[in-house]
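For reference, the structure discussed in these notes is given below.
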Amino acid sequence: MATSPNSPTLRSWIDIPPTSDFPIQNLPFGVFETDERGPHLAVAIGGYVLDLYAASQHGYFEDLVELGDAQPKVFRRRSLNAFLRLGRPAWRAVRQRVSEMLRHDAPELRDNEEAVRQCLLRQTEVRLLRPIKPANYTDFYSSIEHATNVGTMFRDPANALLPNWRHLPIGYHGRTSSIVVSGTDIKRPNGQRKAPDEDLPTFGPSRQLDFELEMGFVVGTGTALGTTVPIAEAEDHIFGLCLFNDWSARDLQSWEYVPLGPFLGKNFGSSMAPWVVTLDALEPFRIAGPVQEPAPLPYLAQSGEHNFNINLEVALTPAGGPETTLSRTNFGLMYWSMAQQLTHHASNGCNLEAGDLYASGTISGPTPDSLGSMLELAWRGTRPVPLADGTERKFLLDGDTVTMRGYAEKEGIRIGFGEVTGTVLPSE
Ligand code: MN
Numbered sequence: 001m002a003t004s005p006n007s008p009t010l011r012s013w014i015d016i017p018p019t020s021d022f023p024i025q026n027l028p029f030g031v032f033e034t035d036e037r038g039p040h041l042a043v044a045i046g047g048y049v050l051d052l053y054a055a056s057q058h059g060y061f062e063d064l065v066e067l068g069d070a071q072p073k074v075f076r077r078r079s080l081n082a083f084l085r086l087g088r089p090a091w092r093a094v095r096q097r098v099s100e101m102l103r104h105d106a107p108e109l110r111d112n113e114e115a116v117r118q119c120l121l122r123q124t125e126v127r128l129l130r131p132i133k134p135a136n137y138t139d140f141y142s143s144i145e146h147a148t149n150v151g152t153m154f155r156d157p158a159n160a161l162l163p164n165w166r167h168l169p170i171g172y173h174g175r176t177s178s179i180v181v182s183g184t185d186i187k188r189p190n191g192q193r194k195a196p197d198e199d200l201p202t203f204g205p206s207r208q209l210d211f212e213l214e215m216g217f218v219v220g221t222g223t224a225l226g227t228t229v230p231i232a233e234a235e236d237h238i239f240g241l242c243l244f245n246d247w248s249a250r251d252l253q254s255w256e257y258v259p260l261g262p263f264l265g266k267n268f269g270s271s272m273a274p275w276v277v278t279l280d281a282l283e284p285f286r287i288a289g290p291v292q293e294p295a296p297l298p299y300l301a302q303s304g305e306h307n308f309n310i311n312l313e314v315a316l317t318p319a320g321g322p323e324t325t326l327s328r329t330n331f332g333l334m335y336w337s338m339a340q341q342l343t344h345h346a347s348n349g350c351n352l353e354a355g356d357l358y359a360s361g362t363i364s365g366p367t368p369d370s371l372g373s374m375l376e377l378a379w380r381g382t383r384p385v386p387l388a389d390g391t392e393r394k395f396l397l398d399g400d401t402v403t404m405r406g407y408a409e410k411e412g413i414r415i416g417f418g419e420v421t422g423t424v425l426p427s428e
């Protein structure tokens with residue numbers, strides 16, 4: 001029987017430092033191009049990308065019946081979407097084969113100088129592209145700490161959570177056209193804003209630009225319109241997870257959101273990391289989520305371990321300045337699991353599509369140093385956050401770079417997510 005690609009005993013013939021996000025047990029998927037090549041699908045390994053199209057052309061996937069007649073063309077695409085549509089057996093077969101090609105005792109690729117030159121490129125020498133063309137995008141609101149903090153600030157501390165919150169995963173439909181890959185600059189949006197002490201709104205640059213530390217999950221297997229997903233099958237539809245920054249203009253948001261919800265305060269830009277870590281690679285990091293009280297309705301009822309222990313952090317770097325870590329938290333804290341989000345999303349018959357992106361909502365922890373947005377860290381501007389360069393922030397300034405990172409760790413194996421970063425440019 002083949003060794004599991006998650007086995008902690010595996011090591012690669014590629015030299016990978018222990019601090020790398022991309023050991024042989026990870027093998028996340030993405031898309032890259034260079035001036036001469038691509039776009040091609042790829043897998044991250046240490047400081048390299050493995051070009052899946054090149055590997056396919058060298059015959060390494062020739063016997064993978066799970067790919068049908070899709071190769072090599074499925075690897076010569078601008079997004080993972082066509083690969084996702086092949087289904088989990090194909091995703092698993094490719095990850096398993098890449099693991100076999102890269103393990104220390106596998107000479108086939110290692111000893112083929114020409115193939116190594118064609119298949120392995122340094123990450124610093126390629127442009128990583130947005131890994132999926134998001135088919136649809138939904139943002140949830142599933143951290144109880146975040147929802148409680150926002151409710152406390154904007155409504156009523158005694159009734160911070162609205163009556164529906166503990167009964168269903170709250171979400172809204174977002175926009176896919178402005179979802180960009182890490183490294184893309186974010187222009188400060190203009191919009192209508194009205195401070196509480198102003199009589200009328202004005203139009204101009206947002207004065208309360210913010211980030212939201214989130215995880216996104218990518219749907220690999222869709223559903224037909226009119227069908228639902230039993231909770232026990234929800235995870236079968238999930239391909240993998242990525243870091244996600246849901247940039248938010250709080251002043252636009254707070255003026256516009258009543259009664260229909262987030263709109264222009266959100267859709268001017270959202271950033272996703274270039275690597276999607278497979279749900280398969282995250283199997284060792286399952287944990288139970290928080291106890292849900294009251295118990296969810298039967299269609300959302302779940303037992304066992306459906307949260308994932310992923311350490312997260314967000315850092316801010318002013319123009320030319322040193323980086324300050326603003327917050328550290330954990331994805332395992334989420335009140336509603338990804339499976340519950342997905343099952344709820346499909347519970348009315350709404351169809352899921354390969355390439356759908358579902359974001360968790362801001363991930364905040366219970367302590368002041370574990371909050372996932374500036375809104376909460378600076379408590380609506382009332383307690384400015386000190387930075388390493390001696391300045392402070394209530395919200396983001398032009399030139400600020402926000403960087404989010406994440407990793408899961410167990411038995412010395414670190415499954416990292418790379419980073420999602422973006423710099424704020426002045427408005428026009
Ligand atoms: Mn959000």
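Under the UniProt record's numbering, residue 428 is the last one in the sequence shown; the count climbs by one each step, no gaps. Even glycine gets a Cβ: it sits at the ideal position worked out from N, Cα and C.
- Around T184, the same chain offers G269, S271, G422 as residues with beta carbons nearer than 8 Å, after the five sequence neighbours per side are excluded.
- With fewer than 16 other Cβ atoms inside 10 Å of its own Cβ, P290 counts as exposed.
- Taking the Cβ of T423 as the reference point, every heavy atom of ligand 1 lies at 7 Å or farther away.
- With contact defined as three or more Cβ pairs closer than 8 Å, the region 175 to 191 and the region 276 to 283 are not in contact.
- Burial check for L50: the Cβ neighbour count within 10 Å reaches 16 or more, so the residue is buried.
- Within the region 19 to 92, the runs of beta strand (DSSP E) at least 3 residues long that lie entirely inside it are, in chain order, 29 to 33, 40 to 45, 48 to 51.
- For G422, the enclosing beta strand (DSSP E) begins and ends at 413 to 425.
- One residue list follows from the rule of a beta carbon closer than 5 Å to any heavy atom of ligand 1, given in chain order as D139, E212, D246.
- In this chain, the alpha helix (DSSP H) harbouring H146 covers 144 to 154.
- Taking C-beta separations shorter than 7 Å and ignoring five residues to either side along the sequence, the partners of E411 in its chain run P8, following chain order.
- In this structure the region 358 to 369 lies against the region 135 to 150, because at least three pairs of beta carbons, one per stretch, are closer than 8 Å.
- For G321, the CB contacts under 6 Å within the same chain, skipping 5 residues up- and downstream, are D389 in chain order.
- Inter-residue distance for L300 and A273 is about 29 Å (C-alpha atoms, whole angstroms).
- In this structure, DSSP gives R207 a state outside helix and strand, which the three-state scheme calls coil.
- DSSP, read as helix, strand or coil, puts Q123 in helix.
- Rounded to the nearest whole angstrom, the C-alpha separation of R383 and D398 is 20 Å.
- Cβ atoms of F32 and P39 come within 8 Å of each other, at about 7 Å.
- Within the same chain, Q192, R193, K194, P201 come within 7 Å of W255 by CB-CB distance, once the 5 residues on both sides are set aside.
- Contact between R97 and L425 fails: their C-beta atoms lie close to 42 Å from each other, not under 8 Å.
- With respect to the 8 Å criterion, P89 and Q341 are not classified as neighbours on the basis of their beta carbons.
- Judged by pairs of C-beta atoms under 8 Å, the region 206 to 223 touches the region 238 to 257, as three or more such pairs exist.
- Beta-bridge partners of K394 (DSSP): none assigned.
- For M338, the enclosing alpha helix (DSSP H) stretches over residues 338 to 346.
- Bounds of the beta strand (DSSP E) holding Q192 are 190 to 193.
- Here the C-alpha atom of N112 lies approximately 22 Å from the C-alpha atom of Q71.
- Assignment of A234 by DSSP, reduced to helix, strand and coil, places it in the helix class.
- Minimum Cα-Cα distance from A44 among the listed residues K73, I14, G68, D35 corresponds to I14.
- Comparing C-alpha distances from H173 to each of T19, D156, A160, T138 shows the shortest one belongs to T138.
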